[in-house]
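Novice:
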Amino acid sequence: MNLFESLNIGKENFKIEEIDNSEMSILKKEDEIPFEDIHEKEAQFIDRLDYLAERTNHLHYDKKDLINFHTSLKGDSLTILSGLSGTGKSQLVRTYARGLGVTNNLRFIPVRPFWEDDSDLLGYVDTVNFVYRPGDSGLLDLLIDASKNPDNIYMVCFDELNLSKVEHYFSQFLSVLELESGKRKLRLYNPELKTKLYNSSKYDSEISIDSNVLFVGTINTDESTYQFSDKVLDRSNVIPLQIVPFGDIQNKKNVDAKKVNAEEFIIKNDDFKKFRKSNPQYALTQKEKEMLWEIHLEINSHDRNVGIGWRILNQIDEYLQNIPRDSELSREEALDYQILQRILTKIRGSEEQLSGMLGSWDNTNSTNNIGTLENILNSYSDSSSFEKSKKIIREKARELKLHGFTI
1 MNLFESLNIG KENFKIEEID NSEMSILKKE DEIPFEDIHE KEAQFIDRLD
51 YLAERTNHLH YDKKDLINFH TSLKGDSLTI LSGLSGTGKS QLVRTYARGL
101 GVTNNLRFIP VRPFWEDDSD LLGYVDTVNF VYRPGDSGLL DLLIDASKNP
151 DNIYMVCFDE LNLSKVEHYF SQFLSVLELE SGKRKLRLYN PELKTKLYNS
201 SKYDSEISID SNVLFVGTIN TDESTYQFSD KVLDRSNVIP LQIVPFGDIQ
251 NKKNVDAKKV NAEEFIIKND DFKKFRKSNP QYALTQKEKE MLWEIHLEIN
301 SHDRNVGIGW RILNQIDEYL QNIPRDSELS REEALDYQIL QRILTKIRGS
351 EEQLSGMLGS WDNTNSTNNI GTLENILNSY SDSSSFEKSK KIIREKAREL
401 KLHGFTI
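Residue numbering for the sequence shown follows the UniProt record's numbering, starting at 1 and increasing by one per position.
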């Protein structure tokens with residue numbers, strides 16, 4: 001509800017003389033929100049995250065990767081960390097929880113290859129003993145605890161998310177997470193059974209998922225895992241963690257260790273909400289929407305079942321507005337990240353199908369004859385250099401040449 005609606009005043013009839021003292025107090029209260037303080041607190045949190053990663057866990061990340069991860073978690077999409085085994089994906093999640101001061105509210109759930117539906121994750125109704133049996137993952141109890149403590153932040157990490165088919169065991173979550181906070185409800189069982197179950201007072205037929213629960217997944221890409229369907233990719237930010245060159249590793253400097261390592265440093269959900277939309281002026285421009293439309297048409301012309309829908313467009317826009325103010329991650333780099341993380345992950349197929357779009361790789365010179373997709377990015381170079389996206393496009397073109405397909 002905006003200010004005019006809360007005051008029951010039509011914009012076209014608005015006159016400053018008509019505002020009485022009580023209404024002026026509303027204006028004053030809105031004006032007094034300490035935005036600068038919250039931006040400083042977010043910057044302090046990012047410094048703390050960077051410090052904890054290196055000094056405590058001996059993990060070396062590009063700080064832009066940390067900001068990218070944090071920015072993604074501020075949005076409504078599922079955040080997925082990918083990368084080589086041993087690059088610290090799981091440790092990054094633990095470090096992030098410690099940075100927030102919510103280590104005790106973090107639940108790691110190792111995904112099992114035999115999971116086929118969400119009963120393996122959430123539980124099921126035992127019709128013999130008339131009780132609800134929660135899954136041994138502990139997820140349901142954490143969600144109940146989170147719903148009772150909305151001021152606290154909770155984190156759930158699905159480790160090796162694609163060890164089983166995500167569309168099967170995570171189907172309810174995929175549908176629910178895109179809804180507004182307050183409308184996210186998981187159905188555990190038929191409400192008609194509620195009066196028949198002995199423990200229905202503890203395990204209701206529905207459970208709410210509020211904005212204080214952050215969901216993360218980690219994945220490995222090998223022969224033991226499943227590919228993501230477009231349904232999953234449409235709702236996910238897939239972040240490839242980069243390995244910092246070993247020769248570039250050095251201790252972080254200019255950081256107040258006492259300030260960032262304070263044990264009492266805790267981010268409450270109210271603060272985290274204020275972190276969101278910290279850069280509304282970074283919203284997608286009309287020209288960038290036209291670029292995304294061109295990319296959609298190009299991808300869709302090669303596969304009618306793949307493209308950029310409204311969901312992806314809106315979540316890219318949300319991500320850009322969530323970039324922390326005055327951070328090391330520029331808007332131009334963030335737009336490049338989103339092309340890579342939200343769109344290029346969807347491009348899969350054969351050389352015959354995709355070579356015109358991705359380009360033709362020349363093994364002799366190790367160069368790529370530019371395809372239509374890179375040409376589109378080049379024509380919008382004033383928005384970003386799209387350095388990372390172009391690199392992935394060329395890698396996919398190389399895969400086409402070497403293997404006849406790319407995934």
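Think of the CB as a built atom: it goes at the ideal place given N, C-alpha and C, for glycine as much as any other residue.
Since Tyr169 is in the alpha helix (DSSP H), which residue starts that stretch and which ends it?
Specialist: Along the sequence shown, one-based indexing puts residue 169 at 169. Start and end: 166-169.
Novice: Could you compute how far the alpha carbon of residue 454 sits from the alpha carbon of Ile219?
Specialist: This structure gives no information on residue 454, because the portion of the chain shown stretches from 1 to 407.
Novice: Looking at the secondary structure, which residues open and close the beta strand (DSSP E) in which Lys185 lies?
Specialist: Numbered from 1 along the sequence shown, position 185 holds the residue referred to as residue 185. Note, Lys185: beta strand (DSSP E), 185-187.
Novice: Report the rounded CA-to-CA distance for Leu84 versus Lys41, giving the unit in angstroms.
Specialist: For this step, residue 84 is matched to residue 84 along the sequence shown. For this step, residue 41 is matched to residue 41 along the sequence shown. Going from the Cα of Leu84 to the Cα of Lys41 covers about 32 Å.
Novice: Quick check on this structure: which residue in Glu318, Phe158, Asn190 has the alpha carbon closest to the alpha carbon of Glu178?
Specialist: By 1-based counting over the sequence shown, the position of residue 178 is 178. Minimum Cα distance to Glu178 is reached at Glu318.
Novice: Taking the beta strand (DSSP E) that Ser82 belongs to, which residues open and close that run?
Specialist: Reading the sequence shown from its first residue, position 82 is the one you call residue 82. Here the beta strand (DSSP E) through Ser82 covers 78-82.
Novice: Between Ile323 and Arg331, which are expected to be in contact by the criterion C-beta below 8 Å, what is the C-beta distance as a whole number of angstroms?
Specialist: By 1-based counting over the sequence shown, the position of residue 323 is 323. By 1-based counting over the sequence shown, the position of residue 331 is 331. Contact holds; Cβ gap of about 6 Å.
Novice: Would you grab the beta carbon distance between Lys74 and Phe405 for me? Rounded to a whole angstrom, and I think it's under 8 Å.
Specialist: Taking the sequence shown and counting its residues from 1, the one referred to as residue 74 is at position 74. Taking the sequence shown and counting its residues from 1, the one referred to as residue 405 is at position 405. The pair is not a contact, with the Cβ atoms about 35 Å apart (cut-off 8 Å).
Novice: Can you confirm whether the stretch 174-194 touches the stretch 144-155 when touching is taken to mean that 3 or more C-beta pairs between the two stretches lie within less than 8 Å?
Specialist: Counting Cβ pairs under 8 Å, fewer than three are found: no touch.
Novice: Thinking just about the alpha-carbon of each residue, which of Ile347, Thr95, Ala397 is nearest to the one in Ser301?
Specialist: The count along the sequence shown starts at 1 and reaches residue 301 at position 301. Here the closest residue by C-alpha is Ile347.
Novice: Using DSSP's beta-bridge definition, name the partner residues of Phe158.
Specialist: Working through the sequence shown from its first residue, we reach residue 158 at position 158. According to DSSP, which records beta bridges pairwise, Phe158 is partnered with Ile109, Gly217.
Novice: Determine the DSSP secondary structure at Val232, reduced to helix, strand or coil.
Specialist: Position 232 of the sequence shown holds residue 232. Residue state, collapsed to three classes: helix.
Novice: For Asn269 versus Ile153, is the C-beta distance shorter than 9 Å?
Specialist: On the sequence shown, residue 269 is found 269 positions in, with the first residue counted as 1. On the sequence shown, residue 153 is found 153 positions in, with the first residue counted as 1. Yes.
Novice: So Asn369 is in the beta strand (DSSP E); what residue range does that whole segment cover?
Specialist: For the purposes of this step, residue 369 is taken as the residue at position 369 of the sequence shown. 367-370 is the extent of the beta strand (DSSP E) around Asn369.
Novice: Report the three-state DSSP secondary structure of Thr87 (helix, strand or coil).
Specialist: The sequence position of residue 87 within the sequence shown is 87, counting from 1. Coil, per DSSP.
Novice: What first and last residue would you give for the beta strand (DSSP E) that runs through Trp361?
Specialist: Residue 361 sits at position 361 when you count from the first residue of the sequence shown. Segment 359-362, the beta strand (DSSP E) holding Trp361.
Novice: Measuring CA to CA, which of Gly135, Thr79, Gly307, Leu140 is closest to Asn105?
Specialist: The residue labelled residue 105 in the question sits at position 105 within the sequence shown. The residue with the shortest Cα to Cα distance from Asn105 is Leu140.
Novice: Quick check: the Cα distance between Leu81 and Gly356, rounded to an integer number of angstroms?
Specialist: Counting from 1 along the sequence shown, the entry for residue 81 is found at position 81. Counting from 1 along the sequence shown, the entry for residue 356 is found at position 356. If you take the alpha carbons of Leu81 and Gly356, they lie about 30 Å apart.
Novice: Determine the DSSP secondary structure at Tyr61, reduced to helix, strand or coil.
Specialist: Start at 1 with the first residue of the sequence shown, and residue 61 comes out as number 61. Three-state DSSP puts Tyr61 in coil, outside helix and strand.
Novice: Give the secondary structure of Pro191 by DSSP, where H, G and I count as helix, E and B as strand, and everything else as coil.
Specialist: To locate residue 191, count along the sequence shown from 1; it is residue 191. Correct three-state label for Pro191: helix.
Novice: When you compare the CB positions of Gly182 and Ser164, do they come within less than 9 Å of one another, or not?
Specialist: Along the sequence shown, read from residue 1 onward, the residue named residue 182 stands at position 182. Along the sequence shown, read from residue 1 onward, the residue named residue 164 stands at position 164. Against a cut-off of 9 Å, the Cβ pair of Ser164 and Gly182 comes out as no contact.
Novice: On the DSSP bridge list, what partners appear for Val125?
Specialist: For the purposes of this step, residue 125 is taken as the residue at position 125 of the sequence shown. Answer is Tyr132.
Novice: Spell out the partners DSSP gives Val238 in its beta bridges.
Specialist: For the purposes of this step, residue 238 is identified with residue 238 of the sequence shown, where counting begins at 1. Per DSSP, Ile80.
Novice: What are the start and end residues of the alpha helix (DSSP H) that includes Ser389?
Specialist: As a working mapping, residue 389 is identified with position 389 in the sequence shown. Its alpha helix (DSSP H) spans residues 387-403.
Novice: What are the partner residues of Glu206, as DSSP defines its beta bridges?
Specialist: On the sequence shown, position 206 is the one that residue 206 refers to. In DSSP, Glu206 forms a bridge with Arg187.
Novice: Whole angstroms is fine: what's the gap from His168's alpha carbon to Asn305's?
Specialist: Locating residue 168 in the sequence shown gives position 168, where the first residue counts as 1. Locating residue 305 in the sequence shown gives position 305, where the first residue counts as 1. Each residue's Cα considered, the two are about 20 Å apart.
Novice: Which stretch, first to last residue, makes up the alpha helix (DSSP H) that contains Ser301?
Specialist: Numbered from its first residue, the sequence shown carries residue 301 at position 301. 286-302 is the extent of the alpha helix (DSSP H) around Ser301.
Novice: So who's on the other strand from Ser350, going by DSSP bridges?
Specialist: In the sequence shown, residue 350 corresponds to position 350, counting from 1. DSSP lists Phe405 as partners of Ser350.
Novice: For Ser379, count neighbouring Cβ atoms within 10 angstroms of its own Cβ and tell me buried if that reaches 16, exposed if not.
Specialist: On the sequence shown, residue 379 is found 379 positions in, with the first residue counted as 1. Burial call: exposed.
Novice: What is the DSSP secondary structure of Ser181, counted as helix, strand or coil?
Specialist: As a working mapping, residue 181 is identified with position 181 in the sequence shown. Looking at Ser181 - three-state DSSP - the assignment turns out to be coil, as it is neither helix nor strand.
Novice: Please determine, among Trp361, Tyr198, Leu377, Leu92, the residue with the shortest C-alpha to C-alpha distance to Lys287.
Specialist: Against the sequence shown, residue 287 aligns to sequence position 287. The shortest C-alpha separation from Lys287 is found at Leu377.
Novice: Quick one: what's got a C-beta closer than 7 Å to Asn68's C-beta in the same chain, skipping five residues either side?
Specialist: The sequence position of residue 68 within the sequence shown is 68, counting from 1. Around Asn68: Ile239, Leu329, Tyr337.
Novice: Is the CB-CB distance between Tyr132 and Gly123 below 9 Å?
Specialist: Position 132 of the sequence shown holds residue 132. Position 123 of the sequence shown holds residue 123. Yes. Within cutoff.
Novice: Measuring straight from C-alpha to C-alpha, what distance separates Phe158 and Leu59?
Specialist: Along the sequence shown, one-based indexing puts residue 158 at 158. Along the sequence shown, one-based indexing puts residue 59 at 59. Cα-Cα distance, rounded: 20 Å.
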